[in-house]
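Protein chains in written order, with our numbering: chain A, 721 to 905; chain B, 721 to 905.
Right under this line is the structure:
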């Protein structure tokens, strides 16, 4: 039995990430789930930022941001960075996180994240509540321990997802893209 | 020890969804992971479609699409729809899926999905390999069994995520948004 529901942001599971922005002097962390990959070559991500957020003018001014992936171990810090404002507190300090000096961008990355996607804004779209920034990934800063053959190779289940107000662990591998075609052969 | 990697589409975990498009006469299913929420009010999602895809002209012609959420039980069908082309086969038939007649849009939804987000295109952005469509969610068709107080309330762990070529199960709830602020009080 199907029923109609009032439209809402039900797409799930989406990533839970910490986005860093600003420069060496003034910077901030913003926890976001309204993010996604939008293009493969070049690799481009989109991040959506509420107009009221302290991070918005930092991203506007520099045209740069970094998407830091979130592991289970980083969940507490991620929630802290999602519930306090950079106007009131230094979020790196409040959440116990370490600044790494940006490599291809001016904003710091989060040293505790296994992989940080350094991005330059190539387009902005304005919608009702959020500014959407498309950022081309220009460099990836990764822990040597999670790199294999020059590519990011995180174990399944390390990252955290977000679904309608809840953080969810990701679990075991359910399959590999294209597995049904291989089964047929 | 941090190293720099060649930029790639490393954002994860992202949703694995089946998008339906077209109209009652000609329609298709496309499996996508380059999707995301981009605005809260009104609720807007983005979907990125490779230029070569059979679904692209269908979305262009109708200005509509439906995002069908993917449970574990739908993973096999999702992979099938991601590896064959609607040019060659009827994907509903090939994947064993049932068409539901669209309610607020002309394209069918997938009856086996617990929730289908019916969308109207409000903007298109063209990038290197993908056309990005922003779709306002105009109606949500949901299984009565997963609705509570008029809202979608899926159990944690029912949906599937995608991470760098792998499908991942989502697992237990790791926390609720804002849990660290509540702990402090």
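We put the CB at the ideal spot given by N, CA and C, even for glycine.
Do the CB positions of residue i and residue j come within less than 7 angstroms of each other?
i                      : j                      : result
residue 693 of chain B : residue 741 of chain B : In the structure as shown, chain B starts at 721 and stops at 905, and residue 693 of chain B therefore has no counterpart that could be examined.
residue 734 of chain B : residue 767 of chain B : no
residue 798 of chain B : residue 787 of chain B : no
residue 881 of chain A : residue 890 of chain B : yes
residue 854 of chain B : residue 764 of chain B : yes
residue 873 of chain B : residue 893 of chain B : no
residue 730 of chain A : residue 835 of chain B : yes
residue 858 of chain B : residue 824 of chain B : yes
residue 732 of chain B : residue 879 of chain A : yes
residue 898 of chain B : residue 803 of chain A : yes
residue 917 of chain A : residue 759 of chain B : Shown here, chain A extends from 721 to 905; a query on residue 917 of chain A therefore has no answer.
Step through the CB atoms of chain B and report whether any lies within less than 7 angstroms of the CB of residue i.
i                      : result
residue 779 of chain A : no
residue 911 of chain A : Residue numbering for chain A in the displayed model covers 721 to 905; residue 911 of chain A lies beyond these limits and cannot be assessed.
residue 806 of chain A : no
residue 791 of chain A : no
residue 725 of chain A : yes
residue 876 of chain A : yes
residue 879 of chain A : yes
residue 901 of chain A : yes
residue 774 of chain A : no
residue 803 of chain A : yes
residue 818 of chain A : no
residue 794 of chain A : no
residue 729 of chain A : yes
residue 765 of chain A : yes
residue 825 of chain A : no
Check whether the Cβ of residue i lies closer than 7 angstroms to any Cβ atom in chain A.
i                      : result
residue 909 of chain B : Nothing can be reported for residue 909 of chain B, as the shown portion of chain B is limited to 721 through 905.
residue 862 of chain B : yes
residue 771 of chain B : no
residue 909 of chain B : What is shown of chain B runs 721 to 905, which leaves residue 909 of chain B out entirely.
residue 904 of chain B : no
At what residues does the alpha helix (DSSP H) containing residue i begin and finish?
i                      : result
residue 903 of chain A : 899-904
Following the continuous beta strand (DSSP E) through residue i, name the residue where it begins and the one where it ends.
i                      : result
residue 881 of chain A : 880-883
residue 726 of chain B : Element bounds for residue 726 of chain B: n/a, residue is neither H nor E.
residue 894 of chain B : 886-896
Does at least one heavy atom of the ligand FAD sit under 6 angstroms from the Cβ of residue i?
i                      : result
residue 728 of chain A : What this structure holds is no ligand at all, so the ligand FAD is not there to describe.
Just to confirm the assignment: which complete alpha helix (DSSP H) runs, minimum length 4, are found wholly within the segment 743-794 of chain A?
775-782
Using Cβ-Cβ distances below 8 angstroms, what residues of the segment 731-743 of chain B are close to chain A?
731, 732, 733, 734, 735, 737
For a minimum of 3 consecutive residues, which ranges assigned as the beta strand (DSSP E) are wholly contained in the segment 790-867 of chain A?
835-846, 850-863
Going along the segment 881-892 of chain A in order, which residues come within less than 9 angstroms of chain B, judged by CB to CB distance?
881, 882, 883, 884, 885, 886, 887, 888, 889, 890, 891, 892
Can you pull out the residues from the segment 748-763 of chain B whose beta carbon lies closer than 7 angstroms to at least one beta carbon of chain A?
754, 755, 756, 757, 758, 759, 760, 761, 762, 763
What are the residues of the segment 844-873 of chain A that lie near chain B, defined by any Cβ-Cβ distance shorter than 9 angstroms?
845, 847, 848, 849, 850, 852, 854, 856, 857, 858, 859, 860, 861, 862, 863, 864, 865, 867, 870, 871, 872, 873
May I ask you to list, following chain order, the residues of the segment 827-843 of chain A that have a beta carbon less than 7 angstroms from some beta carbon of chain B?
835, 837, 843
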